[in-house]
Each structure stands twice: as C-alpha cells, then as structure tokens.
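Engineer: Residue numbers (the working numbering), protein chains in the order written: chain F, 918 to 1148; chain H, 669 to 930.
The C-beta atom is built at its ideal place from N, Cα and C for all residues, glycine as well.
The structure displayed is predicted, hence computed values, not measured ones.
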Amino acid sequence: MSTRPTSDSVILRSEHLGRVVANKVLVEDANFEVQTGEVLAIVGPSGSGKSSLLRLLNRLDEPTSGTVYFQGSDYRQAAPRELRRKLGMVTQRPYLFPGTVEQNLRYGPLQRGEILSQDALEELLVRVGLKGYASRNVANLSGGEAQRVSVARTLANSPLVLLLDEPTSALDEESKLEVESLIQRIVRDQKLTAVIVTHDTAQAARLAQRALLLAAGRVVRSGPINEVLHA
Amino acid sequence: MLEHFFRNQLELGLAQATIAALAAMLVVLLARKRGIHLEGETLVAMLRGIVQIVAVGSILSLLLRGPRWTSGFLLAGMIVAAGATSARRAKGMPGAFRVSTWAIAFGAGSVIALMTWLGVIDTAITSLVPVGSMLIANAMNTNGLALNRFRSDVLAHVGEIETALALGAEASNSVSPYVQASFEASLIPAIDSLRSLGIVWIPGLMAGMLLSGARPVYAAIYQFVVLAMIFAASGLTSLVSTLLIRARIFTSAEQLVLQPGR
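Shown next as structure tokens:
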C-alpha cells in the first residue's frame, strides 16, 4: 500500500472537531483532511481518543465543537442513515446479528428497502475469502471469519469511505494477518478511501500512506506515514 | 386466636399487621445470615406501605361519602404516583417518569374508562376505585419490568445497536429485538396470573366478594373479568412505554444516548 492517492480531491475534512462528555475531553480541535482514495491511519496510545474520533466521523457521536465536511458539505446537513451508509464502519468486535452469514450481508441494503442480489452476495463472499459460507450460522464462525463477514457486511452498503476501528486487535496473530491483507486488497482493488484506527504502528505503516498521531484527544502530528511514525 | 384477645377491629388489625410484619422480618434475618442485607430497605418499605395504605383507607372512607366524580381525581393521582414509582426501575433512561406516567395513563386509563362506560366496572366509588387501583398497580409493575428489561438489554447490546446504526438502520429498527423481548418479559406475570387462576391462587377480590355474600360463580367470573382487564391494561401500558422510551434513548441524529457509564 505504498502508492500515492490517485486523486487530490478531499472527501473528508475535519474542522476544529471536538467532543467533551461530562467535562472529559475525548477529542479536541482536530483538523485534518482525507483525500479520495488514500488510507489514513489514526495512531496513538490507548485512551488518546482514536476511536472517539472515528465515531465522530461516522456521526455515531455528536461533536460538541467543530464539524466534518463530507464531499464538501457539512455532514450535519445529511441524513444520518445515508451518511453512515456512505461512511461504512468496521468495529473492533464484529457484532454479527444472530442468523446466517447471508442475513448479515443483506442487513444494510434491506434498511433502505433494497434486496442484495444473489450475484452480489456471492461476489462479496468471494472478495472476503468466504465462498460457500452464505448459509452458515454466524455462531459457528471463528474470530477471523466473523471479522471477514463484518467487512463484507459493511461493503454490501457500497460505502465511499471505510472507517476501520482496530479491526484486527481482537484476533489471533494468524487471523490478524489474514484480515489485514484482506483490507489491503479491498482498499487497493476498489480504490476505496479508508481511515484506520490502530495502536499497531507496524500495521499502520503497512496499510496507510498518511497518519495522524493523537495524544490526549489532540492531533499532535500529521503527515506521511513514515514521518509521523519515525519522527 | 387473636379474636380472643382483641375485641376492637382496629386493635385486631394492628395486631395482625404486627405479626405479618414480624414474619417478613424473620425472612430478612434469615437472608442476613446468608450475607444478604435487606434490613433497612425492607423496614422502610413496610413502614411506607402501612402508612400509605392506612392513609388511603382513611381518604377512601371520606370519599365514599362524596360524589362519584371524585374517584377520577383519586385514580389520576394514583397514575402519577405509579409513574414515579416504576420510573425508578429505568435509572439513567431519559424521560422515564413522563414515559411511565403517559403509558400507565393510556394503558390503565383507557381500560378503566372503556370498562366503566360499558358497565363492566360499576361507577360507584366503592367499586371503581379498588378495581381501578388494581389495574393501575399492575400496569405500574408491568411498566417497571418492561423498562428495566429494556434498559439492561440495551446496555448489554450497545455494540450490536451501534453496528445496526452504522449500517444505516433506523434507530427504531436497531432496538426492535429488545423492545419485543421487554414487552414479552413484562407480560409474563399477567399471563401466569391468568393461567393459574383458581388453581394456584384465589385472588383477594374474589375472596372479598364471597365474604360480602356474592354468589360464588359470579365472584369467580368477575375475578376473571378483573384479571382480563389487568392483562389488557398491562399489555397496553407495556406497549406504549416501550415504544415511547425507544424514541427517548436516541438523539434526533439517531445516536444512542443510553451508554454504560454515561
């Protein structure tokens, strides 16, 4: 993942973004841009506000200051459901819904009244390396398989940006590498824009072109991945 | 045995209450031996209970001589008190008191009004207030159970709910499994009461009617009528409260407000 972004257009711009809850600063005055087609890593120590920042990008939480511009518009003007579909999120734990893999993959499109075609379903499963898993009960999946289903479920919504919150931190070493290479492949093949939160700087270096370093909720450094990680 | 010692009905009642309270405290002492401390809470609850019921009894004795419309005020007061009591089961849930009061008012209130209009409940204060209070009390319990279950289910499934939201689900869809589970769980006592009627228990109302000389078959049928009304009132209350509280735990931007530790 060492290629430069294919486009210079800014898809996400955070302006003075902040969130304070019960006098506790989670994110403070975060200013940064994400270019279309690039992978941006958000790194920093535990409790530095990485996941809080990602939740603000998806608008799962409301900023208490500043805002985010998505495709040039203040994201608070967009319908939250449509915004979240376009800014697809993959969480640390997969949180699959009870039922089959197929039901999980169909969930997102169904929320806006669309039925995921059988071809699209099969293609998604092939893409995440789970061909033939459609009728499997999610209760019987391994951690790595469950996270792959979670990625496929997010992709079923055709997001423009993929927000990944420590997607491999709950997995064993083998599954971690599998999911990481899956993310790498998907981002590259689909030319997806991605923002990945990780505490693993080696992973950040493998996946991203640029990085933000957070400390106590503030962006303390940003720029090309090697400069941020090795400064 | 007590009748031999107490000729006065009031003294007899106090003696009976003391013995019943001692039996309850005995259980508390047994629990204490196992390291479960309920002494303070039980004592306060029993003192509150006796004071409240005696106060209501005294008010009732005054109201029974008053015009029939006064029972409406009494029932309205009971609904507000029931709303406040069951809202305590929904700690941390925004607007729990309002939701509970509206749900009980709609659930129990509409059943009381309809049944009174149809003549199932007599308009006499001696009938309307006790039967109405039974409906309100059961609606309160059901509401408390529903809110409590909903709260714990939501707190235990924050990840699943936010995942659904992140996938573009409507806020109401993201919690629909928990709304359904809360509704079903809250109605278990009402269903069990209906199911076990006459086999496991003979409710107080029927016993009272028998003591006051009603025909046993009519007393039995009317007891069923009351339990069916309780079920209707409780079901409506639970339905309304889970639907109302569902909307309260999200912001206008469909963000989950109810979170552990917030």
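Could you please tell me which residues of the stretch 822-848 of chain H, in chain order, have their CB closer than 8 Å to any CB of chain F?
Structural biologist: So the list reads Gly827, Glu828, Glu830, Thr831, Ala832, Leu833, Ala834, Leu835, Gly836, Ala837, Glu838, Asn841, given in the order they occur along the chain.
Engineer: Going by the CB atoms, is the gap between F/Leu1129 and F/Val1104 shorter than 9 Å?
Structural biologist: Not closer than 9 Å, so no.
Engineer: Can you tell me whether H/Tyr886 is buried or exposed, with buried defined as 16 or more other CB within 10 angstroms of its CB?
Structural biologist: Exposed, because fewer than 16 other Cβ atoms sit within 10 Å of the Cβ of H/Tyr886.
Engineer: Exposed or buried, F/Glu1090, counting other C-beta atoms within 10 Å across all chains shown (16 or more means buried)?
Structural biologist: It counts as exposed.
Engineer: Looking at F/Ile1100 and F/Val1055, is the spacing between their C-beta atoms short of 9 Å?
Structural biologist: Their beta carbons are not under 9 Å apart, which means F/Val1055 does not touch F/Ile1100 by this criterion.
Engineer: Taking all protein chains shown into account, do 16 or more other C-beta atoms lie within 10 angstroms of the C-beta of H/Phe774, making it buried, or fewer, making it exposed?
Structural biologist: So H/Phe774 counts as buried.
Engineer: On the criterion of 16 or more Cβ atoms from any shown chain inside 10 Å, does H/Arg914 qualify as buried, or is it exposed?
Structural biologist: That one is buried.
Engineer: Between the stretch 982-990 of chain F and the stretch 1107-1114 of chain F, do three or more beta carbon pairs fall short of 8 Å?
Structural biologist: Taking 8 Å as the limit for Cβ pairs, the verdict is that the stretch 1107-1114 of chain F does not touch the stretch 982-990 of chain F.
Engineer: Roughly how many angstroms lie between the CA atoms of H/Ala853 and F/Asn1057, to the nearest whole one?
Structural biologist: Cα to Cα, the separation comes out at about 28 Å.
Engineer: Could you check how far apart the C-beta atoms of H/Ile772 and H/Gly800 are, in whole angstroms? I think they sit under 8 Å.
Structural biologist: Between H/Gly800 and H/Ile772 the Cβ distance is about 12 Å, and since that is not below 8 Å, they are no contact.
Engineer: For F/Ala1052, which residues from the same chain have a beta carbon less than 7 Å from its beta carbon, with the 5 sequence-adjacent residues on both sides left out?
Structural biologist: What sits at residue 1052 of chain F in the sequence shown is Ser, not Ala. Only Thr1017, Glu1019 meet the Cβ criterion.
Engineer: What three-state label does DSSP hand F/Asp1082 in the structure shown?
Structural biologist: Strand.
Engineer: Given that a residue counts as buried once 16 or more other Cβ atoms are within 10 Å of its Cβ, and exposed if not, what is H/Phe818?
Structural biologist: Result: buried.
Engineer: List the endpoints of the continuous alpha helix (DSSP H) containing H/Asp860.
Structural biologist: From DSSP, the alpha helix (DSSP H) with H/Asp860 extends over 856-863.
Engineer: Can you tell which of H/Ala752, H/Val843, H/Leu706, H/Ala807 has its C-alpha closest to the C-alpha of H/Val894?
Structural biologist: Ranking the options by Cα distance to H/Val894, first place goes to H/Ala807.
Engineer: Would you say the stretch 810-830 of chain H touches the stretch 755-765 of chain H, given that touching needs at least three Cβ pairs under 8 Å?
Structural biologist: Yes, since at least three Cβ pairs between the stretch 810-830 of chain H and the stretch 755-765 of chain H fall closer than 8 Å, the two stretches touch.
Engineer: Who are the near neighbours of F/Gly1030 in its chain, counting only those whose CB is closer than 6 Å to its CB and skipping five residues on each side?
Structural biologist: Excluding residues within five positions, none has a Cβ falling inside 6 Å.
Engineer: Counting pairs of beta carbons, one from the stretch 780-792 of chain H and one from the stretch 824-836 of chain H, are three or more of them closer than 8 Å?
Structural biologist: Too few Cβ pairs lie closer than 8 Å, so no.
Engineer: Looking at H/Glu922: is its Cβ nearer than 9 Å to the Cβ of H/Leu833?
Structural biologist: Going by C-beta atoms, H/Glu922 is nearer than 9 Å to H/Leu833.
Engineer: Tell me which same chain residues have a C-beta within less than 6 Å of the C-beta of F/Glu945, skipping the five on either side of it?
Structural biologist: Here the set comprises Gly935, Gly1134, Arg1135.
Engineer: Just tell me which of H/Thr810, H/Thr794, H/Val925 has its CA closest to the CA of H/Gly740.
Structural biologist: Cα-wise, what sits closest to H/Gly740 is H/Thr794.
Engineer: Exposed or buried, H/Thr905, counting other C-beta atoms within 10 Å across all chains shown (16 or more means buried)?
Structural biologist: Flag for H/Thr905 reads buried.
Engineer: Can you give me, in chain order, the residues of the stretch 962-986 of chain F that have a beta carbon less than 7 Å from any beta carbon in chain H?
Structural biologist: Listed by position along the chain: Asn975, Arg976, Leu977, Asp978, Glu979.
Engineer: Where DSSP assigns a beta bridge to F/Leu1058, which residues make up the other side?
Structural biologist: Answer by DSSP bridge pairing: none, since F/Leu1058 is not bridged.
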